[in-house]
Amino acid sequence: MIVQMKELFELTGESREIACEVTLEELEGISNYHFATPVEVKGTVSNRAGIVTLSYETRFKLDNTCDRCLKEFIQEYAYSFKHTLVRSCNTDNDEYVVCGNNTLDMNELAVSDILLTLPTKILCKEDCKGLCCVCGADLNESDCEHNA
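Given below as structure tokens:
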């Protein structure tokens with residue numbers, strides 16, 4: 004979703020609700036993550052005293068494989084993000100999202116934020132014991148003679 008930002012930058016007190024969806028087709032090819040549902044994005048862009056801010060939430064499910072026991076499972080994620088939006092920035096500053104040509108690509112920003120927030124180690128549960136390194140038994144389901 005491309006958001007036209009010109010009015011929001013120019014009119015103090017202006018506010019706009021945002022609701023969009025990042026489709027599964029757009030999410031294909033993201034390495035190491037398999038999205039089970041589209042990403043729902045809901046939020047608000049507002050200009051308060053000349054400062055334009057974006058606050059939004061994402062909700063989606065990933066089709067995961069546990070890094071310790073190799074079980075497949077689906078997990079739901081929900082994240083909140085907040086950014087200050089600017090038309091341009093003279094320095095390399097990660098605090099601001101630059102909206103060149105008075106536009107904001109909401110889908111691109113949401114995917115980028117999600118990828119920076121997702122855990123690098125995916126576990127089916129926090130205390131997953133994994134597999135026995137000798138016989139391959141799932142230590143969550145039973146003990147084996149090698150784990151004694």
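Adding 3 to a residue's 1-based position in the sequence shown gives its number in our numbering.
Built from N, CA and C at the ideal position, the CB exists for glycine as well.
{"Item": "What is the DSSP secondary structure of Asn35, counted as helix, strand or coil?", "Value": "coil"}
{"Item": "Between the region 123-138 and the region 80-100, are three or more C-beta pairs nearer than 8 Å?", "Value": "no"}
{"Item": "Nearest to Leu142 by alpha carbon, out of Val42, Leu119, Cys72, Ala52?", "Value": "Cys72"}
{"Item": "Please classify Ala22 as buried or exposed, where buried requires at least 16 neighbouring CB atoms within 10 angstroms.", "Value": "exposed"}
{"Item": "Terminal residues of the continuous alpha helix (DSSP H) containing Asp116?", "Value": "109-120"}
{"Item": "How would you call Ala113, buried or exposed, if buried means at least 16 neighbouring beta carbons within 10 angstroms?", "Value": "buried"}
{"Item": "To the nearest whole angstrom, what separates the beta carbons of Glu10 and Glu20, a pair I think is in contact under 8 Å?", "Value": "So it is not a contact: roughly 14 Å between Cβ atoms."}
{"Item": "Over the uninterrupted alpha helix (DSSP H) stretch that includes Lys9, give me the two end residues.", "Value": "9-13"}
{"Item": "Could you check the C-alpha separation between Leu27 and Glu148 for me, to the nearest Å?", "Value": "44 Å"}
{"Item": "Identify, in the order they occur along the chain, each residue of the same chain with its Cβ nearer than 6 Å to the Cβ of Leu30, setting aside the five sequence neighbours on each side.", "Value": "Phe38"}
{"Item": "Per DSSP, which one or two residues make a beta bridge with Asp66?", "Value": "Ile77"}
{"Item": "Could you pull out every residue in the same chain whose Cβ sits closer than 6 Å to the Cβ of Ser92, ignoring the five residues on either side in sequence?", "Value": "In the sequence under discussion, the amino acid at residue 92 is Cys, which differs from the Ser named in the question. Excluding residues within five positions, the ones whose Cβ falls inside 6 Å are Tyr99, Val101."}
{"Item": "How many Å lie between Leu121 and Thr15 at the Cα?", "Value": "34 Å"}
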